[in-house]
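Below is one structure, written out as structure tokens; the observations come after it.
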Amino acid sequence: MPFGNVTQSPVLGPEAIREALEVITHFGDDNVAFMYTSLVEERIQHPFYTRIARHTRRLHAMKDILSDVISSELEHARRNAKTGVITEHSSEDAITNIQNDARSHSSVVRLVSFLFYRYLSAYRIESNRAFAEIINKTVRDIQRLQKRALEYVADLFVNAEHASRQRILRSGMIAELKNDVEIIGRQSIVSEITRQITPQSKSFTLVSGAAGIGKTAVVCEAIRQGLSKKDFDALVWVKSPRSIFDIGQQIEQMLEVSVMNPEAFRSFTQNLEIIVVLDGAVLSASELKDTIYLLASCHTVMTSQLQYRNMNGFKRIILPDLPKALAIQLAHKLATNAGAEEGDIADAAARWAYDNAGGNPGQLQDFVRQYILDGELIITNNMLARLLPRNDQAARQALITICIVGSQGLYKDELDSLDSLIDRQIIQFMVATSLVVYRKHRYYVEDSIIKLITSQIQAEEQQREVGEIIQQVANNLPTMKHHLQLMVADNLVSHRWRSNPFWDAPEFLLRYHTLARHSKAYDVWLDALLEITDSEINMEGHIYTTLAYVLRKLEKFTAAQSAAEFAIQSCGRNGNFIGMGWGMAESGAAHLATGAFEKASEMLQRSLEIAQRTNATELLDFVHSLFAELFFALGDLDAAAEHLAVIPTSWPMLLLQCDILIKLKRWNEAQSTLRLLDNYDDDNRAGANRQLGDVLILKGHFYFAQRSYSVAASYYRIASERFTLAQQFVRHARAITNTASCYLHDARKRNEGLRMLIENAKQQQMLDDAVGLAVTLSNLEHGRRLAERDGTEALDDQFGDL
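Structure, rendered in structure tokens:
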């Protein structure tokens, strides 16, 4: 994983397996580390578990996983050992099988059979004493059998967990790739790129060719094939870099890794398997050399129209035009995909496209579309017209509305707030015609239909019709449920929808920009906000406070500070005191994020005074939440708690509140808050590895504060893996420090904890995480003092100067 073999102790050790097995025998409201593993996280995505309450869902999934793995291993071991088994219809049948297994010559049968019948069977044995009597052994014999059995199956679960984690990583990486398209005539090139990225040694591959030649498509397909052959830790897609600074900035944003120090970055990534794609890069020769050096420890593929013929040090692959036969084959396929009928029409479109474009796939696509448009054979809107009732405005309105909602879709009960836009009978018709998909209790539209709706090659009349419906949806936003407002707003401000010229996208942004504060689509909002603030439109200063918020969430603190200052000045000139208050609050938040606590306190106090004078409730709550963070950072827990007490419940507030309660040792209240976090109903955070990692860290703090160090370590370790899956390497490293600090309190694991801290400190230096490094070094010093006091075997100083 990210830092190599930092520790030899797996998350799912024998003790963790025992705890999990004991929990499922009585199905209480217990919390064990196993419940938050990748195995469980992956299992609960199955529709079966969505019908179960959130917390119980994990318990059920954990039981099913334990049962599947252990029963499957028992069946396999019995088959290999030719152990006789009878069908179980009663407890007597189960006892017969237990006794037969106990006499087996296979130790695996004996071990796994014990766990199955002791914990998982429908006729399970209630105690070790009862099990001992059945097979005529002593309780001490059974305890030894149990210990060996747990050690054996722990290895099975460690392997299963690793495989699950890789599946989750792989699916996340595949989701980052462009749409899956059929590659014609490029199979050998795809295979060559795949060979470059899959060996253990790292490489830099340049894929060059003319615009539209298919560079990105072949790279995506090569990566898909590579992911099926090898495990990778991360995929970083850098869009259209124009300098090495662009590359560094995008990598930092996606990986939480500083690239300001190339040596440190290379050292950090050398133990990782990271694919970096520089798509559409335009770099000078000297910058390309620097980039190759910087990314020497990554599997890097760069696409560019430039060939850099006079340079060496990388694999060069040049994409030529497709030969005539393959080009016509591709053009024919593009024509039929665009709606042309098989036969003369598609053949004519393919030949005309090849005559004008040659073998360039991108140009072939453009000319196929042009042929279809000019010949009035079909236009995008007519493709929908064939599926919709003729001139049925209500059907178009319903379809476009569902498209605007996006890929998350609409639940049945959510249609009520859209009844002025969507007729239920029309929805059923569109499901029957496959225009709308109904799955898992949701209505949604495939992305291909959304592309047709938003296509820029539609005639002006059709674009106007779509724009008018977009405007109707935008006008109905206040009548929608809050989470539906967010989904619709996130999509409407995306380039796909706001580029339609026949609705008032700027007015929508000016009116609803504050919804960005409740969104997680920060990149989408940033793009929209930058576009409108750079335009000639006369901006109301308040919108810059939202821009500052989005920039801060993307950790662009300097830019956020500038936007906040501009908001304060602009709102001040216009007499907008509430806008000034928001600007001051955002300025304070940016100072807080960078550790400038005095400046943060000053700006927050000024914002608080404005909020109180103007009775701006939402601003007041926001400032109180920031004051709570400030006092928490300063160690004044009572003051932090006072500020939290006056604001409404939210996810960030619950996290901070729980941390404070743990530090104040108010265990019952902390446990209640943890339970709230486990069951918190927030569509924005459901299934998110980063947020789940935050909760697991708090669970670790809860047990650490009560000196249950082994339990705390389990939660910290699983949290570190959640952060890995989220590509949050700074948080991962801090969770490893927490794990190691638990080991320091166990004399048997102290040396292992010290080794973890030494290795982790090196990683944090490379990550440029000064805060995390300080905590790690403090723990390292404490651990060495404990080792000297207890006479623990001293470690060599592997760390050097820090």
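In the working numbering, the protein residues as written are 194 to 995.
Ideal Cβ placement from N, Cα and C applies to all residues, glycine included.
Let me know if Pro554 comes out buried or exposed under the rule of 16 or more other beta-carbons within 10 Å of its beta-carbon.
-> On the sequence shown, position 361 is the one that residue 554 refers to. Buried.
With DSSP as the reference, please indicate the residues paired to Asp472 in a beta bridge.
-> Translated into positions along the sequence shown, residue 472 becomes position 279. Its beta-bridge partners are Lys432.
Asp439 to Thr496, Cα distance in whole Å?
-> Walking along the sequence shown from the start, residue 439 turns up at place 246. Walking along the sequence shown from the start, residue 496 turns up at place 303. Rounded to whole angstroms, Asp439 to Thr496 spans 15 Å at the Cα level.
Is the region 515-524 touching the region 484-498, taking contact as three or more C-beta pairs under 8 Å?
-> no
Looking only at its own chain, which residues have a Cβ that is under 7 Å from the Cβ of Phe461, when we skip the five neighbours before and after it?
-> For the purposes of this step, residue 461 is taken as the residue at position 268 of the sequence shown. Excluding positions up to five away in sequence, the list reads Val450, Gln956, Met959, Leu960.
Check each candidate in Ile468, Gly277, His675, Arg363 and name the one with the smallest Cα separation from Ser394.
-> The residue given as residue 394 occupies position 201 in the sequence shown. Closest option to Ser394, Cα to Cα, is Ile468.
With distances taken between CB atoms, is the gap from Gly781 to Gly734 smaller than 8 Å?
-> Here the question's residue 781 lines up with position 588 in the sequence shown. Here the question's residue 734 lines up with position 541 in the sequence shown. Not in contact: Gly781 and Gly734 (Cβ atoms no closer than 8 Å).
Reference Arg303; option with closest CA among Ile291, Ser314, Tyr312 = Working through the sequence shown from its first residue, we reach residue 303 at position 110. The shortest C-alpha separation from Arg303 is found at Ile291.
Going by beta carbon distance, what residues of the same chain come within less than 8 Å of Glu779, once the five residues before and after it are set aside?
-> As a position in the sequence shown, residue 779 is number 586, starting the count at 1. Result list for Glu779: Thr738, Ala741, Tyr742, Arg745, Ala753, Ala756, Ala757, Ala760, in chain order.
Could you have a look at Ile406 and say whether DSSP puts it in helix, strand or coil?
-> Locating residue 406 in the sequence shown gives position 213, where the first residue counts as 1. Ile406: coil per DSSP, three-state reduction.
Would you report the Cα separation of Glu795 and Trp690, rounded to the nearest angstrom?
-> As a working mapping, residue 795 is identified with position 602 in the sequence shown. As a working mapping, residue 690 is identified with position 497 in the sequence shown. Each residue's Cα considered, the two are about 41 Å apart.
Nearest neighbour of Ile710, chosen from Asn769, Met732, Trp775, Met673 [CA to CA] = Mapped onto the sequence shown, residue 710 falls at position 517. For the record, residue 710 in the displayed sequence is Arg; it is not Ile. Among Asn769, Met732, Trp775, Met673, the Cα nearest to that of Arg710 belongs to Trp775.
Rounded to whole angstroms, what's the CA-CA distance from Met777 to Asp962? Just pull it up for me.
-> Position 584 of the sequence shown holds residue 777. Position 769 of the sequence shown holds residue 962. Between Met777 and Asp962, the C-alpha separation is close to 28 Å.
Can you grab the Cα-Cα spacing for the pair Gly880 / Lys605, in whole Å?
-> Position 687 of the sequence shown, counted from the first residue, corresponds to residue 880. Position 412 of the sequence shown, counted from the first residue, corresponds to residue 605. Summary for Gly880: the model assigns pLDDT 42, below 50, so the residue's position carries little reliability, and this model does not support an answer.
Bridge partners - Ala427, DSSP secondary structure assignment | Numbered from 1 along the sequence shown, position 234 holds the residue referred to as residue 427. Ile467.
For Gly277, count neighbouring Cβ atoms within 10 angstroms of its own Cβ and tell me buried if that reaches 16, exposed if not.
-> What you label residue 277 is simply residue 84 of the sequence shown in a count that begins at 1. It is exposed - the Cβ of Gly277 has fewer than 16 other Cβ atoms within 10 Å.
Opening and closing residue of the beta strand (DSSP E) in which His735 lies | In the sequence shown, the residue the question calls residue 735 occupies position 542. In the DSSP assignment, His735 falls outside any beta strand (DSSP E), carrying neither H nor E.
For Ser497, does the three-state DSSP call read helix, strand or coil?
-> To locate residue 497, count along the sequence shown from 1; it is residue 304. Collapsing the DSSP output to three states places Ser497 in a strand.
Where Tyr896 falls: helix, strand or coil (DSSP) = In the sequence shown, the residue the question calls residue 896 occupies position 703. Helix, per DSSP.
For Ser401, does the three-state DSSP call read helix, strand or coil?
-> Within the sequence shown, residue 401 is the residue found at index 208, counting from 1. It is a strand residue.
Can you name the residues that DSSP bridges to Leu603?
-> On the sequence shown, residue 603 is found 410 positions in, with the first residue counted as 1. Paired residue(s): Tyr636.
What does DSSP give as the partner residues of Val630 in its beta bridges?
-> Stepping through the sequence shown from its first residue, residue 630 is reached at position 437. In DSSP, Val630 forms a bridge with Tyr637.
Rounded straight-line distance, which links the Cα of Ala270 to that of Ser299 | As a first step, residue 299 is located in the sequence shown; it is residue number 106 there, counting from the start. As a first step, residue 270 is located in the sequence shown; it is residue number 77 there, counting from the start. Near 8 Å, if we compare the C-alpha coordinates of Ala270 and Ser299.
Burial state of Trp860 (16 or more Cβ within 10 Å) = Within the sequence shown, the letter at position 667 stands for residue 860. Counting other Cβ atoms within 10 Å of its Cβ, Trp860 stays below 16 and is therefore classed as exposed.
Which residues does DSSP pair with His492 in a beta bridge?
-> One-based indexing of the sequence shown puts residue 492 at position 299. BP columns for His492 point to Ile468.
The alpha helix (DSSP H) spanning Arg544 covers which residue range?
-> Taking the first residue of the sequence shown as position 1, residue 544 is located at position 351. Element bounds for Arg544: 537-550.
How many angstroms separate the CA atom of Gln656 from the CA atom of Ile416?
-> Your numbering for residue 656 matches position 463 in the sequence shown. Your numbering for residue 416 matches position 223 in the sequence shown. Cα to Cα, Gln656 sits roughly 36 Å from Ile416.
Contact under 8 Å by Cβ, Leu214 with Leu308 | One-based indexing of the sequence shown puts residue 214 at position 21. One-based indexing of the sequence shown puts residue 308 at position 115. Yes, the pair counts as a contact, with Cβ atoms nearer than the cut-off.
Between the CA atoms of Tyr316 and Leu645 - distance to the nearest angstrom | Taking the first residue of the sequence shown as 1, we reach residue 645 at position 452. Taking the first residue of the sequence shown as 1, we reach residue 316 at position 123. So the alpha carbons of these two residues sit roughly 58 Å apart.
Give the C-beta separation of Val400 and Leu512 to the nearest angstrom, bearing in mind that I take them to be a contact with Cβ-Cβ under 8 Å.
-> The residue labelled residue 400 in the question sits at position 207 within the sequence shown. The residue labelled residue 512 in the question sits at position 319 within the sequence shown. With a Cβ gap of about 7 Å, Val400 and Leu512 count as contacting.
Using a threshold of 7 Å, is the CB atom of Ser283 nearer than that to any non-hydrogen atom of the ligand FAD?
-> Absence of the ligand FAD from the depicted structure is noted, as is the absence of any ligand whatsoever, leaving it without description.
State the Cα-Cα distance for the pair Met673 and Ser610, rounded to the nearest angstrom.
-> Locating residue 673 in the sequence shown gives position 480, counting from the first residue. Locating residue 610 in the sequence shown gives position 417, counting from the first residue. Each residue's Cα considered, the two are about 5 Å apart.
Other residues of its chain near Ser490: CB distance less than 7 Å, five sequence neighbours each side excluded = Against the sequence shown, residue 490 aligns to sequence position 297. So the list reads Lys395, Arg459, Thr462, Gln463, once near-sequence residues are dropped.
Can you give the Cα-Cα distance for Ala928 and Val904, rounded to whole angstroms?
-> As a working note, residue 928 is residue 735 in the sequence shown. As a working note, residue 904 is residue 711 in the sequence shown. Each residue's alpha carbon lies about 14 Å from the other.
What whole-angstrom Cβ distance do Gln590 and Leu614 have, given they're in contact under 8 Å?
-> Working through the sequence shown from its first residue, we reach residue 590 at position 397. Working through the sequence shown from its first residue, we reach residue 614 at position 421. The pair is a contact, with the Cβ atoms about 6 Å apart (cut-off 8 Å).
What residues in its chain sit with their C-beta under 7 Å from that of Ile210, if we drop five residues either side in the sequence?
-> As a working note, residue 210 is residue 17 in the sequence shown. Excluding residues within five positions, the ones whose Cβ falls inside 7 Å are Leu343, Val346, Ala347, Phe350.
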